[in-house]
Amino acid sequence: MNSEIRTAVPADVRSAILQAGRIALIGHVTPDADCIASMAAAWLGLRELGKEVHALLPDGTVSRRMQFLVRRAGLTPATLDEAKTCELALVLDTAKASRVNVPGKLEALPGLAVANVDHHATNAGFGRWNWVVPSASSTSELMYTLLRNLGCQIGPNIATLLYAGMHSDTQGFSLSNTAAESLNVAHELAACGAAIADVCEQLHRSHSRGEFELLKLVYSHTQVSEDGRLAWSCASHSEILGAGCTASDIDDQVEVVRSIDGVKVAILFTEGVRGKVRINFRGEKGVAVLKLAAGFGGGGHTESAGAILDGTVEEIMERVIPAALEFVRNLPPA
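For the sequence shown, this note's numbering begins at 30 and goes up steadily by one.
What follows is the structure, encoded as structure tokens:
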């Protein structure tokens with residue numbers, strides 16, 4: 030099966046990219062592996078087509094563990110002034126315009142038309158041109174189809190980047206967003222030279238001492254509801270700094286909480302930036318935690334969602350945990 034038939038690239042998105050000579054690549058705040066990988070792969074592929082490409086990754090927003098993706102592409106992050114010279118903003122893996130990783134948001138780039146490529150179910154299509162496929166495992170999976178459709182060669186570097194994005198967003202192809210088409214794309218990326226062992230080493234076996242200390246905090250703070258179906262943990266701003274971490278180091282620690290047998294919903298509260306609490310929600314297969322996140326102004330995927338609220342960890346937990354307990358009580362019996 031050829032993965033290009035999975036879903037067609039909209040003609041208007043393709044045309045907008047091909048007609049633009051200068052393109053700014055934009056992702057979401059606190060970019061994860063899928064976001065960075067799809068940006069880095071686009072940076073390589075579009076430059077191959079002769080485009081002038083500027084990727085906006087503001088200082089301090091790429092975690093230490095995700096720097097290998099930037100290095101793999103040889104990408105030099107652009108300045109806002111460089112991005113302002115572009116004709117097109119290609120916004121990747123970003124569910125809402127308010128979530129773009131740009132100082133001043135898209136209003137800071139008033140002269141750029143926006144093409145929006147994403148896989149979040151909550152993406153309502155904020156671009157002039159939109160390609161949103163919620164059934165895709167990741168934006169990296171879509172980027173593979175897009176780059177091939179544009180005529181780019183998928184060499185080992187692009188293949189490695191896209192494989193990393195897919196691997197991360199599917200938790201090693203273990204989540205329900207992994208479809209047969211996703212595995213077929215992964216197979217094709219491997220055939221194109223993706224460095225699979227290197228990706229796994231970087232994503233799973235390269236924690237810093239600080240990240241390890243943060244994991245210890247998450248373990249020690251974990252609590253479980255009486256019925257065993259809800260679990261949560263937290264890390265305050267002072268604890269994160271004390272562990273030697275920053276906000277960009279907060280990534281997949283919620284999986285620690287989610288791994289407890291019998292837990293249907295897991296929540297992690299982290300105050301990476303003082304006064305801003307990031308809430309990560311994870312649900313068992315079929316548990317739509319997106320509904321829970323939406324109640325707090327958040328978004329994401331059906332079983333993996335998030336929100337950011339103003340306050341301290343303690344204040345936000347007092348608001349969210351009662352709602353989560355009620356949400357779990359209303360779930361069907363196991």
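C-beta: ideal position from N, C-alpha, C; glycine also.
In this text the structure is predicted, and so the values were computed from the model without any measurement.
For the beta strand (DSSP E) that residue i lies in, which residues bound it at each end?
i, result
"E300", "V294 to V302"
"R307", "K305 to G312"
Using C-beta distances below 6 Å, list every residue in its chain close to residue i, excluding the 5 sequence neighbours before and after it, in chain order.
i, result
"C274", "G239 and L243"
"V253", "A260"
"G315", "none"
"E300", "S265, H266, V306 and V342"
"D110", "none"
"G257", "G291"
"I183", "C221"
"F97", "Q231"
"V82", "I52, W72, L75 and R76"
"A272", "G239, E242 and L243"
If you run the structure through DSSP and keep just helix, strand and coil, what is residue i?
i, result
"E284", "helix"
"R157", "coil"
"A224", "coil"
"Q182", "coil"
"L259", "strand"
"G50", "coil"
"D122", "coil"
"G140", "coil"
"Q231", "helix"
"I350", "helix"
"L190", "helix"
"V357", "helix"
"M30", "With a pLDDT of 28 at M30, under the threshold of 50, the predicted position of this residue should be treated as unreliable, though the coordinate-derived value follows. In the structure shown, M30 sits in coil (DSSP, three-state: anything other than H, G, I, E or B)."
"I55", "strand"
"V129", "strand"
"D147", "strand"
"V38", "coil"
"L117", "strand"
"V342", "helix"
"V253", "strand"
Buried or exposed for residue i, please, with buried defined as at least 16 other CB atoms from any protein chain shown within 10 angstroms of its CB.
i, result
"P185", "exposed"
"G79", "exposed"
"F241", "exposed"
"N145", "buried"
"D278", "buried"
"S288", "exposed"
"Y192", "buried"
"Q282", "buried"
"E217", "buried"
"R101", "buried"
"N359", "exposed"
"S203", "exposed"
"K293", "buried"
"R94", "buried"
"E332", "buried"
"D198", "buried"
"Y248", "exposed"
"G327", "buried"
"G190", "Note that residue 190 is Leu in the sequence shown, not Gly. Classification for L190: buried."
"A37", "exposed"
"A334", "buried"
"A40", "exposed"
"T114", "exposed"
"S164", "exposed"
"L47", "exposed"
"G23", "Here the chain comprises residues numbered 30 to 363, so residue 23 is not present and cannot be evaluated."
"G329", "buried"
Could you tell me how far apart the beta carbons of residue i and residue j are, in whole angstroms, since I believe they sit closer than 8 Å?
i, j, result
"H148", "L171", "6 Å"
"A84", "P106", "6 Å"
"L321", "A352", "7 Å"
"A62", "L176", "A62 to L176, Cβ: 18 Å. No contact."
"M68", "L121", "6 Å"
"R311", "A295", "4 Å"
"I225", "G74", "About 20 Å separates the two Cβ atoms, so there is no contact after all."
"E313", "C181", "Not confirmed; about 38 Å, so no contact."
Tell me the residue span of the alpha helix (DSSP H) that contains residue i.
i, result
"D63", "A62 to E77"
"E81", "Here E81 belongs to no alpha helix (DSSP H); instead the beta strand (DSSP E) covers E81 to L85."
"I337", "Premise fails: I337 lies in the beta strand (DSSP E), S333 to D339, not in any alpha helix (DSSP H)."
"L321", "V318 to A323"
"R100", "Q96 to A102"
"D110", "L109 to K113"
"I269", "H266 to G271"
"G239", "R238 to H250"
Please return the same chain residues whose Cβ sits closer than 7 Å to the Cβ of residue i, not counting the five positions on each side in sequence.
i, result
"A137", "L109 and V131"
"S166", "M195, D198, T199, N206, T207, A208 and S211"
"S235", "R94"
Skipping 5 residues on each side, what residues in its chain have a beta carbon closer than 8 Å to that of residue i?
i, result
"S127", "K134"
"A45", "L117, A142, A144, R157 and W158"
"V161", "N145, V146, D147, H148, H149, N152 and G154"
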